[in-house]
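Engineer:
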Amino acid sequence: MMRTYHCFWLLFWAGQPHQSFLTPLPKRTSGFPEKEKILVLSGNSRRDVHRSKRSWMWNQFFLLEEYTGTDYQYVGKLHSDQDKGDGSLKYILSGDGAGDLFIINENTGDIQATKRLDREEKPVYILRAQAINRRTGRPVEPESEFIIKIHDINDNEPMFTKDVYNASIPEMSDVGIIKTALLNMDRENREQYQVVIQAKDMGGQMGGLSGTTTVNITLTDVNDNPPRFPQSTYQFRAPESMPPESPVGRIKANDADVDENAEIEYSITEGDGYDMFGITTDKDTQEGIITVKKALDFENKNLYILKVEATNTHVDPRFLYLGPFKDSATVRIQVEDVDEPPVFSRPAYIMEVKEDVPINSVIGTVTAQDPDAAKNPVKYSVDRHTDMDRVFNINSGNGSIFTSKPLDRETLLWHNITVIAAEINNPKQSSRVPVFIKVLDVNDNAPEFAMFYETFVCENAKAEQLIQTLSAVDKDDSYSGHQFSFSLAPEAASSSNFTLQDNRDNTAGIFTRKTRYNRHEMSTYFLPVVISDNDYPIQSSTETVTIRVCACDHRGKMLSCNAEALIHPTGLSTGALIAILLCIIILLVTVVLFAALRRQRKKEPLIISKEDIRDNIVSYNDEGGGEEDTQAFDIGTLRNPEAIDDNKLRRDIVPETLFMPRRTATARDNTDVRDFINQRLKENDTDPTAPPYDSLATYAYEGNGSVAESLSSLESVTTDGDQDYDYLSDWGPRFKKLADMYGTMDSDKDS
Numbered sequence: 027m028m029r030t031y032h033c034f035w036l037l038f039w040a041g042q043p044h045q046s047f048l049t050p051l052p053k054r055t056s057g058f059p060e061k062e063k064i065l066v067l068s069g070n071s072r073r074d075v076h077r078s079k080r081s082w083m084w085n086q087f088f089l090l091e092e093y094t095g096t097d098y099q100y101v102g103k104l105h106s107d108q109d110k111g112d113g114s115l116k117y118i119l120s121g122d123g124a125g126d127l128f129i130i131n132e133n134t135g136d137i138q139a140t141k142r143l144d145r146e147e148k149p150v151y152i153l154r155a156q157a158i159n160r161r162t163g164r165p166v167e168p169e170s171e172f173i174i175k176i177h178d179i180n181d182n183e184p185m186f187t188k189d190v191y192n193a194s195i196p197e198m199s200d201v202g203i204i205k206t207a208l209l210n211m212d213r214e215n216r217e218q219y220q221v222v223i224q225a226k227d228m229g230g231q232m233g234g235l236s237g238t239t240t241v242n243i244t245l246t247d248v249n250d251n252p253p254r255f256p257q258s259t260y261q262f263r264a265p266e267s268m269p270p271e272s273p274v275g276r277i278k279a280n281d282a283d284v285d286e287n288a289e290i291e292y293s294i295t296e297g298d299g300y301d302m303f304g305i306t307t308d309k310d311t312q313e314g315i316i317t318v319k320k321a322l323d324f325e326n327k328n329l330y331i332l333k334v335e336a337t338n339t340h341v342d343p344r345f346l347y348l349g350p351f352k353d354s355a356t357v358r359i360q361v362e363d364v365d366e367p368p369v370f371s372r373p374a375y376i377m378e379v380k381e382d383v384p385i386n387s388v389i390g391t392v393t394a395q396d397p398d399a400a401k402n403p404v405k406y407s408v409d410r411h412t413d414m415d416r417v418f419n420i421n422s423g424n425g426s427i428f429t430s431k432p433l434d435r436e437t438l439l440w441h442n443i444t445v446i447a448a449e450i451n452n453p454k455q456s457s458r459v460p461v462f463i464k465v466l467d468v469n470d471n472a473p474e475f476a477m478f479y480e481t482f483v484c485e486n487a488k489a490e491q492l493i494q495t496l497s498a499v500d501k502d503d504s505y506s507g508h509q510f511s512f513s514l515a516p517e518a519a520s521s522s523n524f525t526l527q528d529n530r531d532n533t534a535g536i537f538t539r540k541t542r543y544n545r546h547e548m549s550t551y552f553l554p555v556v557i558s559d560n561d562y563p564i565q566s567s568t569e570t571v572t573i574r575v576c577a578c579d580h581r582g583k584m585l586s587c588n589a590e591a592l593i594h595p596t597g598l599s600t601g602a603l604i605a606i607l608l609c610i611i612i613l614l615v616t617v618v619l620f621a622a623l624r625r626q627r628k629k630e631p632l633i634i635s636k637e638d639i640r641d642n643i644v645s646y647n648d649e650g651g652g653e654e655d656t657q658a659f660d661i662g663t664l665r666n667p668e669a670i671d672d673n674k675l676r677r678d679i680v681p682e683t684l685f686m687p688r689r690t691a692t693a694r695d696n697t698d699v700r701d702f703i704n705q706r707l708k709e710n711d712t713d714p715t716a717p718p719y720d721s722l723a724t725y726a727y728e729g730n731g732s733v734a735e736s737l738s739s740l741e742s743v744t745t746d747g748d749q750d751y752d753y754l755s756d757w758g759p760r761f762k763k764l765a766d767m768y769g770t771m772d773s774d775k776d777s
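As numbered in this note's numbering, the sequence shown has no gaps in its residue numbers, which increase by one up to the final residue, 777.
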C-alpha cells in the first residue's frame, strides 16, 4: 500500500511539470521522476513580474542494489534557479557516504554512486545539499536534506537459522507442522528420524532462490508397555541364621519404556510368608529386593511361597486399552538348617538370696536348649570375668546356680554374673545370658553410735542436767523403719554418776545424777550404753561414751579440763606427741649408727673393690713426705726375703686393732719369688684383721742376671753401696722419719 501511494504521487508530480516552478513545494516531499531526477532549488515565475527567493526544493531518490555496470551509477541532479550556467555556483554534498560512496559534480550538480549498494547492509542514506558562490564562498541557498533509498532485488537465498534442528514429538502423536507420515509410530521400533527441509522464495516460482536444513526428530517415550516378568517362578535359599533386614534375592520385571515410564513398584500380594518377608525397589536398577522381616526357624517352617506383583508407577490413561500395566510372579524361599547355639528360656534372669544362706545353697536355675533338630546336650558355666571372686558356681549339667562363698548385703547388694551355655559336641556354639542376683537383708548387724561421742560435764553442774544426746545407725535394712532402744549397761546402771533416758525416737539423753563434780578426784568417766534393735533376731551392742570433768563459768562454758585437747583445740593430741617422740628416737638411733659406721670405715682398707689389684703408685702432696706416704709393699723384700720384719704391722690400715698379725717362719734358704708370694698369701688368709679381700701386688722382677740395675729408691735398702743418710737429720722434722728409717736399716746391716 505504501509503495503504491508513492508511485501515484510521483506520477501526479511528473504530469504537472510547470506547477513545480510556479508554486513552492513543501520542505519535505517525496517523488520519483520518470526520466531525469532533478532537485530544483528555486525557479522563475512566468506569470508574476516579481521574483521571490524560494527554499531548496528536494526530493527522494531510489536506487537499485547490486549494480553491476562498469560506470558509476547515476543517482540524480541538484539544481538552483540562481545558477546562470556561467559556472559561478558550486554544488556541495555532505551526509551519509558523501565524497566516498556518493560524489557530486560541483559544476553541474550531478550525483553518482561509486560502489555497489546492498540494501540488506544499509537501506537508506540521508544527505545534505548546498549551493555556494565560488567567488565569495557564501551560500546562495540554505542547506537542505534529501534521502536516497535502496530498492531490493532478489539477491539472497532463504537461510535457516540453524544447520541442524533437533525436534521431538511423542510417539502416537496427532498431526503437527511437521507431520508424521505413518500412523502409530512406535518408539520401541525406531527412535530417531532425520528430515531435510527446503525453503524457496518468490513463492517457489522460477528464478527464486532456495535453502535447506536438516531436522533430527526423536520420538519421545510414552507409557504404552506394561512390565513383564521374564519367568513365572523364582527360587531362593535363606539360612535360618539370617538376621532381619537381610536381602534374600532380587527379581526384575522388564519394561520396554524408559525413564519414569519404566519405573516399577514391587509388592507381595499374598502367600504364607506375607509377614515374614518384605520387598523394596532398587531405584537405580528397577529390581525388587526381597528381605527378611523376622527371624527364620528351620525347625518351625522350612518353605515359604510368595506372590510378587510388579506395577508401573506412572500409568497413561490413553493406553489403558492395551491391558493392565502390571505383572505377577511366584517366589519360593527354602529355609536352610544351620547349627545354632543354645537358646535360653529367658533373655535375662533375676534371682534373690538371703545373705545368711549357707555355702552351696542353690539360689536358682537357668535353662537352655539346642534349637536344632539334633537337640545336642548343653553344659553350663559361669563367665569368671563377671565373678572374679568366685562367689557363685553353677551345675554344668542342670544349670542350677549355688553359692560358693558367704554373702554380705552390706558389702554388695547386687551380683551381676553371666552364664554361658555351650553344646557339648560343639563348644564353639555357645550363648550367654545375664543373671542378676539380689542379696536380701537379714538382721545380722547390731546398731551402733552414729558418731564417736566424747563430751564433758561441768564441775558446777546440777543434778538432772542434760549433757549429751545420742543417736544410732544400723547397717541392716528395715522395711518398717528402725526402732532402737537405749539403756545403761547393767554394771553401770546402779553405780553410775549419770543416767540415761530413752527418747523413743531413736535418740537418748545423758543426764547428771548428782550435783557438782570434782575433776581432781575423777577427771574422766566412761559410760557404757547398750543399743538394741527391734528386728528378728534382735541385735544389740555396747558403746562407750567418754565424759570429762571440766571447769566452767557460770553460763556453763568450758574453761579448762585435764585433757588439753579440749581446752586448746589447736594443741597437740596424745597421739601427735607420741609420734613426735618416736621421730626423735629414730633420729637419735640414725645418728648413732652413722657415727659407728664412720668409725668402722676408718679401720677398713683404703680400697674395698673386689676387683682391686694394688699397684705401687705413690702420690706426693707435699714436699718431704717421701716414702712415708705410701702404704704399699716394699719391693725390696722380693729381692731379699730375709729383710722381713716380723714385728711390723700392716701399713694399709691404722694400727689400732686388738689382733696382731700372725706370721709364719720365713724360709731363709728359699729366695724364690713364688715361694715368697705364697707365704704372704697364707699369712693374709690366716690374719683375722685382714680386709675381706686378697691384696695382690704385681712387680716387674728383672731377674738375677740383668745387666741393668734398678734405679728405684725403694730398692736402695738392699744394695751393697755405701750411702750416708745422716744429713737427713739436719733437714728438720719433715725428714725425721726418713732419717730414722734409713739409719735403723744401716745399723741392722752393720750388726
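All residues carry an ideal CB built from backbone N, CA and C; glycine is no exception.
Values in this document were obtained by computation on a predicted structure and should not be read as measured data.
Which residue marks the beginning of the beta strand (DSSP E) containing residue 403, and which one marks its end?
Structural biologist: Looking up residue 403 in the sequence shown gives position 377. Here residue 403 belongs to no beta strand (DSSP E), and DSSP marks it neither H nor E.
Engineer: What span of residues does the alpha helix (DSSP H) with residue 116 cover, start to end?
Structural biologist: Within the sequence shown, numbered from 1, the residue matching residue 116 stands at position 90. It is not in any alpha helix (DSSP H) - residue 116 instead sits in the beta strand (DSSP E) that spans 115–121.
Engineer: Is the beta carbon of residue 113 less than 9 Å from the beta carbon of residue 153?
Structural biologist: Within the sequence shown, residue 113 is the residue found at index 87, counting from 1. Within the sequence shown, residue 153 is the residue found at index 127, counting from 1. Cβ distance not < 9 Å, so residue 113 and residue 153 don't count as in contact.
Engineer: What three-state label does DSSP hand residue 287 in the structure shown?
Structural biologist: Within the sequence shown, the letter at position 261 stands for residue 287. Correct three-state label for residue 287: helix.
Engineer: Residue 415 and residue 431 look like a contact to me (Cβ under 8 Å); what is the Cβ gap, rounded to whole Å?
Structural biologist: As a first step, residue 415 must be located in the sequence shown, where it is residue number 389. As a first step, residue 431 must be located in the sequence shown, where it is residue number 405. The Cβ separation is near 7 Å, so the contact holds.
Engineer: Below 6 Å CB to CB, which residues in the same chain sit around residue 351 once its five sequence neighbours on both sides are set aside?
Structural biologist: Residue numbering aside, residue 351 sits at position 325 when the sequence shown is read from its first letter. So the list reads 252, 338, 341, once near-sequence residues are dropped.
Engineer: Hey, quick one: how far does the beta strand (DSSP E) through residue 362 stretch, first residue to last?
Structural biologist: Translated into the one-based positions of the sequence shown, residue 362 becomes position 336. Counting along the chain, the beta strand (DSSP E) containing residue 362 begins and ends at 352–362.
Engineer: Out of 552, 329, 602, 229, which has the shortest C-alpha to C-alpha gap to residue 261?
Structural biologist: Within the sequence shown, residue 261 is the residue found at index 235, counting from 1. Answer by Cα proximity: 329.
Engineer: So residue 277 packs on residue 325, CB below 8 Å; how close in whole Å?
Structural biologist: In the sequence shown, residue 277 corresponds to position 251, counting from 1. In the sequence shown, residue 325 corresponds to position 299, counting from 1. Not confirmed; about 28 Å, so no contact.
Engineer: Looking at the C-beta of residue 559, does it have a partner C-beta in chain D at a distance below 9 Å?
Structural biologist: Among the chains in the structure shown there is no chain D, since it carries only a single protein chain.
Engineer: Only counting the same chain, and skipping five residues up and downstream in sequence, which positions put a Cβ closer than 8 Å to that of residue 517?
Structural biologist: Your numbering for residue 517 matches position 491 in the sequence shown. Cβ within range, chain order: 554.
Engineer: Report the rounded CA-to-CA distance for residue 144 versus residue 128, giving the unit in angstroms.
Structural biologist: Numbered from its first residue, the sequence shown carries residue 144 at position 118. Numbered from its first residue, the sequence shown carries residue 128 at position 102. About 14 Å.
Engineer: Mind checking residue 367: buried by the 16 CB within 10 Å criterion, or exposed?
Structural biologist: Along the sequence shown, one-based indexing puts residue 367 at 341. Counting Cβ neighbours within 10 Å, residue 367 comes out buried, since at least 16 surround it.
Engineer: Under 9 Å between the Cβ atoms of residue 536 and residue 525?
Structural biologist: For the purposes of this step, residue 536 is taken as the residue at position 510 of the sequence shown. For the purposes of this step, residue 525 is taken as the residue at position 499 of the sequence shown. Closer than 9 Å, so yes.
Engineer: Among the candidates 453, 462, 496, 490, whose CA atom is the shortest distance from the CA of residue 474?
Structural biologist: Here the question's residue 474 lines up with position 448 in the sequence shown. For the residues 453, 462, 496, 490, the minimum Cα distance to residue 474 belongs to 496.
Engineer: Tell whether a beta-carbon distance below 9 Å holds between residue 396 and residue 388.
Structural biologist: Taking the sequence shown and counting its residues from 1, one reaches residue 396 at position 370. Taking the sequence shown and counting its residues from 1, one reaches residue 388 at position 362. Taking 9 Å as the Cβ cut-off, residue 396 and residue 388 do not qualify as a contacting pair.
Engineer: Going by C-alpha distance, which of 607, 215, 463, 320 is nearest residue 377?
Structural biologist: Within the sequence shown, residue 377 is the residue found at index 351, counting from 1. Nearest option by C-alpha distance: 463.
Engineer: Pick out whichever of 460, 247, 494 has its Cα sitting closest to the Cα of residue 394.
Structural biologist: Position 368 of the sequence shown, counting from 1, holds the residue named residue 394. Checking every option, the nearest Cα to that of residue 394 belongs to 460.
Engineer: State the DSSP-derived secondary structure class of residue 100, mapped to helix, strand or coil.
Structural biologist: In the sequence shown, counting from the first residue as 1, residue 100 sits at position 74. Residue 100 falls in the strand class under three-state DSSP.
Engineer: Is residue 758 helix, strand or coil when you go by DSSP?
Structural biologist: For the purposes of this step, residue 758 is taken as residue 732 along the sequence shown, with counting starting at 1. In the structure shown, residue 758 sits in coil (DSSP, three-state: anything other than H, G, I, E or B).
Engineer: Any contact between the segment 96–116 and the segment 184–191? By contact I mean 3 or more CB pairs, one from each, below 8 Å.
Structural biologist: Output reads no: the segment 184–191 does not touch the segment 96–116.
Engineer: What do you get for residue 605, buried or exposed, if any count of 16 or more other CB atoms within 10 angstroms of its CB means buried?
Structural biologist: Reading the sequence shown from its first residue, position 579 is the one you call residue 605. Burial call: exposed.
Engineer: Please tell me whether residue 514 and residue 504 are closer than 9 Å, where the distance is taken between their beta carbons.
Structural biologist: In the sequence shown, the residue the question calls residue 514 occupies position 488. In the sequence shown, the residue the question calls residue 504 occupies position 478. Cβ atoms of residue 514 and residue 504: not closer than 9 Å.
Engineer: Can you tell me whether residue 637 is buried or exposed? The criterion is at least 16 other CB atoms within 10 Å of its CB, across all chains shown.
Structural biologist: Walking along the sequence shown from the start, residue 637 turns up at place 611. With a pLDDT of 49 at residue 637, under the threshold of 50, the predicted position of this residue should be treated as unreliable, and no value is reported.
Engineer: Who are the near neighbours of residue 295 in its chain, counting only those whose CB is closer than 6 Å to its CB and skipping five residues on each side?
Structural biologist: Here the question's residue 295 lines up with position 269 in the sequence shown. Taken in chain order, the residues that qualify are 333, 335.
Engineer: Drop a sphere of 10 angstroms on the beta-carbon of residue 435, count the other beta-carbons inside from all chains shown, and report buried for 16 or more, exposed for fewer.
Structural biologist: The residue labelled residue 435 in the question sits at position 409 within the sequence shown. The residue in question, residue 435, is buried, as its Cβ has 16 or more Cβ neighbours within 10 Å.
Engineer: Quick check: the Cα distance between residue 621 and residue 603, rounded to an integer number of angstroms?
Structural biologist: Position 595 of the sequence shown, counted from the start, is the residue given in the question as residue 621. Position 577 of the sequence shown, counted from the start, is the residue given in the question as residue 603. If you take the alpha carbons of residue 621 and residue 603, they lie about 27 Å apart.
Engineer: Taking 9 Å as the threshold (C-beta atoms), are residue 307 and residue 315 in contact?
Structural biologist: As a working note, residue 315 is residue 289 in the sequence shown. As a working note, residue 307 is residue 281 in the sequence shown. Taking 9 Å as the Cβ cut-off, residue 315 and residue 307 qualify as a contacting pair.
Engineer: Whose C-alpha, out of 421, 259, 247, is nearest the C-alpha of residue 6?
Structural biologist: Lying outside 27 to 777, the shown extent of the chain, residue 6 is not represented and no answer is given.
Engineer: Helix, strand or coil: how does DSSP classify residue 564 here?
Structural biologist: Counting from one through the sequence shown, the residue named residue 564 turns up at place 538. Coil.
Engineer: Between 424, 452, 283, 257, which lies nearest to residue 358 when the distance is taken from Cα to Cα?
Structural biologist: Residue 358 sits at position 332 when you count from the first residue of the sequence shown. Among 424, 452, 283, 257, the Cα nearest to that of residue 358 is on 257.
Engineer: Quick check: residue 137 and residue 102, are their CB atoms within less than 9 Å of each other?
Structural biologist: Taking the sequence shown and counting its residues from 1, the one referred to as residue 137 is at position 111. Taking the sequence shown and counting its residues from 1, the one referred to as residue 102 is at position 76. In contact: residue 137 and residue 102 (Cβ atoms closer than 9 Å).
Engineer: Can you give the Cα-Cα distance for residue 383 and residue 365, rounded to whole angstroms?
Structural biologist: Residue 383 sits at position 357 when you count from the first residue of the sequence shown. Residue 365 sits at position 339 when you count from the first residue of the sequence shown. Roughly 40 Å between the two C-alpha positions.
Engineer: Can you name, in chain order, every residue of its own chain whose Cβ lies under 6 Å from the Cβ of residue 288, other than the five neighbours on each side?
Structural biologist: Position 262 of the sequence shown, counting from 1, holds the residue named residue 288. Closer than 6 Å at the Cβ level, and outside the excluded window around residue 288, lie 281.
Engineer: What does residue 613 pair with, by DSSP beta-bridge criteria?
Structural biologist: Within the sequence shown, the letter at position 587 stands for residue 613. Answer is none; residue 613 lacks a bridge partner.
Engineer: Do you know offhand how far residue 527's Cα is from residue 440's?
Structural biologist: Along the sequence shown, read from residue 1 onward, the residue named residue 527 stands at position 501. Along the sequence shown, read from residue 1 onward, the residue named residue 440 stands at position 414. Cα to Cα, residue 527 sits roughly 39 Å from residue 440.
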